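> Quick note, the sequences are listed as chains A and B, same order. Using this note's numbering, the first residue of the first sequence is number 1, and each one after it goes up by one. Using this note's numbering, the first residue of the second sequence is number 259, and each one after it goes up by one. For every residue, glycine included, the Cβ atom is placed at its ideal position computed from N, Cα and C. The structure displayed is predicted, hence computed values, not measured ones.
There are 2 protein chains.
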Amino acid sequence: MAGIESDDDPNAGGSWRPVARARTYELVIERVEEQIVTGQLKVGDRLPAERDLAQMLGVSRGAVREAFRALEAQGVLRMAVGTGPDAGTTVAATPSSALNRLLRLHVALANFPIQHVVDARVMLERESARHAAEKATPADLEEMRELLAAMDDPDCDRERFNELDADFHVAIAEAGGNRLVADMTIAIRESMRRPLLNAFQELGDAWAPIAEGLKNDHRSICEALEAGDSAAAQEHVERHIRGFYRDGWGGCFSTDQS
Amino acid sequence: MAGIESDDDPNAGGSWRPVARARTYELVIERVEEQIVTGQLKVGDRLPAERDLAQMLGVSRGAVREAFRALEAQGVLRMAVGTGPDAGTTVAATPSSALNRLLRLHVALANFPIQHVVDARVMLERESARHAAEKATPADLEEMRELLAAMDDPDCDRERFNELDADFHVAIAEAGGNRLVADMTIAIRESMRRPLLNAFQELGDAWAPIAEGLKNDHRSICEALEAGDSAAAQEHVERHIRGFYRDGWGGCFSTDQS
DNA sequence: GACCTTTATGTGGTCGGACCATAAGGTGGC
DNA sequence: GCCACCTTATGGTCCGACCACATAAAGGTC
Numbered sequence: 001m002a003g004i005e006s007d008d009d010p011n012a013g014g015s016w017r018p019v020a021r022a023r024t025y026e027l028v029i030e031r032v033e034e035q036i037v038t039g040q041l042k043v044g045d046r047l048p049a050e051r052d053l054a055q056m057l058g059v060s061r062g063a064v065r066e067a068f069r070a071l072e073a074q075g076v077l078r079m080a081v082g083t084g085p086d087a088g089t090t091v092a093a094t095p096s097s098a099l100n101r102l103l104r105l106h107v108a109l110a111n112f113p114i115q116h117v118v119d120a121r122v123m124l125e126r127e128s129a130r131h132a133a134e135k136a137t138p139a140d141l142e143e144m145r146e147l148l149a150a151m152d153d154p155d156c157d158r159e160r161f162n163e164l165d166a167d168f169h170v171a172i173a174e175a176g177g178n179r180l181v182a183d184m185t186i187a188i189r190e191s192m193r194r195p196l197l198n199a200f201q202e203l204g205d206a207w208a209p210i211a212e213g214l215k216n217d218h219r220s221i222c223e224a225l226e227a228g229d230s231a232a233a234q235e236h237v238e239r240h241i242r243g244f245y246r247d248g249w250g251g252c253f254s255t256d257q258s
Numbered sequence: 259m260a261g262i263e264s265d266d267d268p269n270a271g272g273s274w275r276p277v278a279r280a281r282t283y284e285l286v287i288e289r290v291e292e293q294i295v296t297g298q299l300k301v302g303d304r305l306p307a308e309r310d311l312a313q314m315l316g317v318s319r320g321a322v323r324e325a326f327r328a329l330e331a332q333g334v335l336r337m338a339v340g341t342g343p344d345a346g347t348t349v350a351a352t353p354s355s356a357l358n359r360l361l362r363l364h365v366a367l368a369n370f371p372i373q374h375v376v377d378a379r380v381m382l383e384r385e386s387a388r389h390a391a392e393k394a395t396p397a398d399l400e401e402m403r404e405l406l407a408a409m410d411d412p413d414c415d416r417e418r419f420n421e422l423d424a425d426f427h428v429a430i431a432e433a434g435g436n437r438l439v440a441d442m443t444i445a446i447r448e449s450m451r452r453p454l455l456n457a458f459q460e461l462g463d464a465w466a467p468i469a470e471g472l473k474n475d476h477r478s479i480c481e482a483l484e485a486g487d488s489a490a491a492q493e494h495v496e497r498h499i500r501g502f503y504r505d506g507w508g509g510c511f512s513t514d515q516s
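Listed below in structure tokens is the structure:
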């Protein structure tokens with residue numbers, strides 16, 4: 001710390017920001033974002049062709065492509081070949097997949113202690129359950145019941161169980177009606193898909209009773225949602241999530257994080 | 259709807275997946291993510307040079323660059339020129355800025371109804387306040403008090419107020435200690451920075467009393483945190499956020515969403 | 001020998017060009 | 001009228017070249 005000024009820096013004392021050299025592709029991104037936030041570009045609108053935009057902005061086509069790639073990876077743009085009305089580069093709106101990828105990678109990078117992830121998940125799913133108890137439609141509840149039934153299938157192995165479990169929680173989140181909360185819930189649950197499956201596999205013979213416990217939790221949650229009992233739904237969700245991390249998780253996550 | 263099978267489609271009845279042509283840069287991304295999630299690449303590790311990796315994977319340098327760009331834009335990679343230990347392309351860990359950009363754009367694209375964003379913000383900041391009330395350090399509280407004092411400065415215009423307000427909420431989130439929740443809080447608050455500033459500006463003469471109200475809210479929150487009163491802190495935070503959207507927001511967000 | 005200057009090397013940053021694959025629309029022959 | 005073919009416009013990919021930058025190594029100066 002503070003070692004920056006220890007040598008004979010002619011700028012000693014004046015802490016100048018390193019100016020952050022702007023790469024051209026970032027400038028291109030700025031122009032595109034500018035058009036979007038000012039409303040000149042709306043969802044579905046088409047951008048100029050790469051070659052044309054490159055000439056318009058006075059940069060190379062490669063710079064435009066890199067900018068487009070970055071925005072496409074964030075779900076802002078959608079690129080397609082051809083000459084039809086759906087071809088070319090258009091403004092898309094798929095935040096879910098982008099959020100998903102983003103959170104999944106960062107959780108994988110172990111930037112977040114597992115306890116923080118669990119706390120965040122509890123927070124999100126409590127909120128979803130609260131809303132779901134108030135506004136879940138019969139169709140939502142029916143979907144949940146089908147997922148529960150599928151989990152009861154004797155042919156349901158651990159991998160399939162993991163998928164169905166994820167789907168069940170996603171169904172609750174989507175029944176809650178808040179798109180943003182649901183997306184965050186999905187992203188976090190998806191980010192734990194692989195670690196959870198590993199944990200399931202390592203349980204060995206202890207799997208059967210654990211699975212029964214999880215399914216009972218699910219039934220309790222489902223019943224609370226059907227009854228519109230928001231408080232009970234929230235409590236069951238929290239106990240469900242925390243319970244597994246306490247009982248079944250064991251040392252599967254031996255990361256020494258807090 | 260259902261008109262897909264109305265014409266004489268030879269594949270009628272067989273719903274084939276559209277195959278989803280994989281772009282080369284996506285394959286490169288997969289390889290990189292693979293290395294990350296399997297732990298072969300950790301934060302700070304260095305990737306091969308673009309030219310080398312291109313040859314290793316049998317693709318062009320451009321494809322590698324596009325993949326790197328996408329990952330850089332998501333905060334997964336960090337690219338720097340030179341030959342030193344900090345140069346080259348390394349695995350970074352800056353989810354905040356990436357989440358930030360992502361949510362800001364998508365809120366701008368109006369993909370999320372404003373009510374959903376507010377609900378999500380309330381949820382996140384209640385959680386942060388709950389933890390902050392329990393574990394905020396004297397340094398955390400001191401920082402908040404300084405921000406409050408800066409907001410009381412008569413020279414503090416609306417833009418500066420907006421910044422300080424954002425910083426105050428970020429300070430609470432970080433005092434809560436949950437990195438993931440804090441990052442999501444920051445991202446959402448930042449995503450509303452510009453719209454909020456617009457709202458402030460459009461208030462006209464009504465600004466002064468509104469600002470006073472907001473500052474009173476802040477003081478109440480701060481006092482609850484100092485007292486370690488988690489329940490009160492949560493309530494004040496929720497009233498603070500919802501209050502402004504109800505009273506001060508007015509028709510600034512005339513999007514007809516919900 | 002210690003210190004500064006110069007050069008070499010390796011990195012990402014940028015550019016231009018070329019060609020391919022795809023998907024529509026137009027054109028002609030039958 | 002209908003089908004095959006060509007034209008056109010787009011993104012997808014690759015190659016090669018050069019630039020800007022930052023460190024590391026070599027050399028020269030005192």
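1) Ignore the nearest five residues each way along the sequence and tell me which others in Leu-225 of chain A's own chain have a CB closer than 6 Å to its CB.
2) Select from A:Val-170, A:Val-237 and A:Leu-105 the residue whose C-alpha is nearest the C-alpha of Glu-223 of chain A.
3) Would you mind stating whether Ala-325 of chain B and Leu-335 of chain B have Cβ atoms separated by less than 7 Å?
4) Within 10 Å of its beta-carbon, does Gly-342 of chain B have 16 or more other beta-carbons around it, so buried, or fewer, so exposed?
5) Please state whether the Cβ-Cβ distance between Leu-53 of chain A and Val-37 of chain A is less than 7 Å.
6) Cα-Cα, which of A:Asp-45, A:Gln-201, A:Gly-228 and A:Leu-180 is closest to His-364 of chain B?
7) Taking 6 Å as the limit between beta carbons, can you name the residues of its chain near Leu-329 of chain B, skipping five residues before and five after?
8) When you check each C-beta in the stretch 310-334 of chain B against every C-beta of chain A, which residues fall closer than 7 Å?
9) Flag Met-123 of chain A as yes if its beta-carbon sits less than 7 Å from any beta-carbon of chain B, otherwise no.
10) Leu-305 of chain B by DSSP, collapsed to three states: which one?
11) Cβ atoms of Ile-446 of chain B and Val-428 of chain B: under 7 Å apart, would you say?
12) Which same chain residues, not among the five before or five after Ala-473 of chain B, have their C-beta less than 8 Å away from its C-beta?
13) So with Cβ pairs under 7 Å, would you call Arg-437 of chain B a contact of chain A?
14) With a cut-off of 7 Å, does the C-beta of Phe-112 of chain A fall near any C-beta of chain B?
15) To the nearest whole angstrom, what separates the beta carbons of Ala-387 of chain B and Ile-479 of chain B, a pair I think is in contact under 8 Å?
16) What would DSSP say about Gly-176 of chain A, mapped onto helix, strand or coil?
17) Below 6 Å, is the gap between the Cβ of Ala-80 of chain A and the nearest heavy atom of the ligand GDP?
18) Kindly identify the DSSP beta-bridge partner or partners of Ala-346 of chain B.
19) Decide if Gln-332 of chain B is buried, meaning its Cβ has at least 16 other Cβ atoms within 10 Å, or exposed.
20) Rounded to the nearest angstrom, what separates Leu-41 of chain A and Gln-35 of chain A at their Cα positions?
21) Would you say Glu-223 of chain A lies against chain B (beta-carbon separation less than 7 Å)?
22) Among residues of its own chain, excluding the 5 on either side of Pro-48 of chain A, which ones have a beta-carbon nearer than 7 Å to its beta-carbon?
23) Quick one: grab the DSSP three-state call for Pro-453 of chain B.
24) Hey, how far is the Cα of Phe-419 of chain B from the Cα of Ala-457 of chain B?
For this structure:
1) Translated into the one-based positions of the first sequence, residue 225 of chain A becomes position 225. For Leu-225 of chain A, where only same-chain residues beyond five positions count, the Cβ hits under 6 Å are Ala-132, Ala-133, Ala-136 and Ala-233.
2) Taking the first sequence and counting its residues from 1, one reaches residue 223 of chain A at position 223. With distances taken between Cα atoms, Glu-223 of chain A lies closest to A:Val-237.
3) The residue labelled residue 325 of chain B in the question sits at position 67 within the second sequence. The residue labelled residue 335 of chain B in the question sits at position 77 within the second sequence. Cβ distance not < 7 Å, so Ala-325 of chain B and Leu-335 of chain B don't count as in contact.
4) Against the second sequence, residue 342 of chain B aligns to sequence position 84. Exposed, since its Cβ has fewer than 16 Cβ neighbours within 10 Å.
5) Working through the first sequence from its first residue, we reach residue 53 of chain A at position 53. Working through the first sequence from its first residue, we reach residue 37 of chain A at position 37. Contact flag unset, no.
6) Numbered from its first residue, the second sequence carries residue 364 of chain B at position 106. Nearest of A:Asp-45, A:Gln-201, A:Gly-228 and A:Leu-180 to His-364 of chain B, Cα basis: A:Leu-180.
7) Walking along the second sequence from the start, residue 329 of chain B turns up at place 71. Answer for Leu-329 of chain B: Leu-335, listed in chain order.
8) Gly-320, Arg-323, Glu-324, Arg-327, Ala-328, Ala-331, Gln-332 and Val-334
9) As a working note, residue 123 of chain A is residue 123 in the first sequence. So yes, Met-123 of chain A belongs to the interface.
10) Here residue 305 of chain B refers to the residue found at position 47 when the second sequence is read from its first residue. If DSSP states are grouped into helix, strand and coil, Leu-305 of chain B belongs with coil.
11) If you number the second sequence from 1, residue 428 of chain B lands on position 170. If you number the second sequence from 1, residue 446 of chain B lands on position 188. No; because the gap between Cβ atoms is not below 7 Å, this pair is not in contact.
12) Numbered from its first residue, the second sequence carries residue 473 of chain B at position 215. The question names Ala, yet the displayed sequence has Lys at residue 473 of chain B. Within the same chain, Lys-473 of chain B has close Cβ partners Leu-406, Met-409 and Asp-410.
13) The residue you call residue 437 of chain B lines up with position 179 of the second sequence. Chain A, which has a Cβ nearer than 7 Å to the Cβ of Arg-437 of chain B, makes this yes.
14) Locating residue 112 of chain A in the first sequence gives position 112, where the first residue counts as 1. Answer yes: the Cβ-Cβ gap between Phe-112 of chain A and chain B drops below 7 Å somewhere.
15) Looking up residue 387 of chain B in the second sequence gives position 129. Looking up residue 479 of chain B in the second sequence gives position 221. Right, the Cβ-Cβ distance comes to about 7 Å (below 8 Å), so this counts as a contact.
16) Position 176 of the first sequence, counted from the first residue, corresponds to residue 176 of chain A. DSSP, read as helix, strand or coil, puts Gly-176 of chain A in helix.
17) Although the ligand GDP was asked about, the structure shown includes no ligands whatsoever.
18) The count along the second sequence starts at 1 and reaches residue 346 of chain B at position 88. Here residue 346 of chain B turns out to be Gly, not Ala, going by the sequence shown. For Gly-346 of chain B, which the question treats as bridged, DSSP gives the partners B:Ala-338.
19) Within the second sequence, the letter at position 74 stands for residue 332 of chain B. With 16 or more Cβ atoms within 10 Å of its Cβ, Gln-332 of chain B is classed as buried.
20) Translated into positions along the first sequence, residue 41 of chain A becomes position 41. Translated into positions along the first sequence, residue 35 of chain A becomes position 35. So the alpha carbons of these two residues sit roughly 5 Å apart.
21) The residue you call residue 223 of chain A lines up with position 223 of the first sequence. Nearest CB-CB separation between Glu-223 of chain A and chain B: not below the 7 Å threshold.
22) For this step, residue 48 of chain A is matched to residue 48 along the first sequence. Excluding sequence neighbours, Pro-48 of chain A sits near Met-56.
23) As a position in the second sequence, residue 453 of chain B is number 195, starting the count at 1. Correct three-state label for Pro-453 of chain B: helix.
24) In the second sequence, residue 419 of chain B corresponds to position 161, counting from 1. In the second sequence, residue 457 of chain B corresponds to position 199, counting from 1. When the Cα atoms are used, Phe-419 of chain B and Ala-457 of chain B turn out to be separated by approximately 12 Å.
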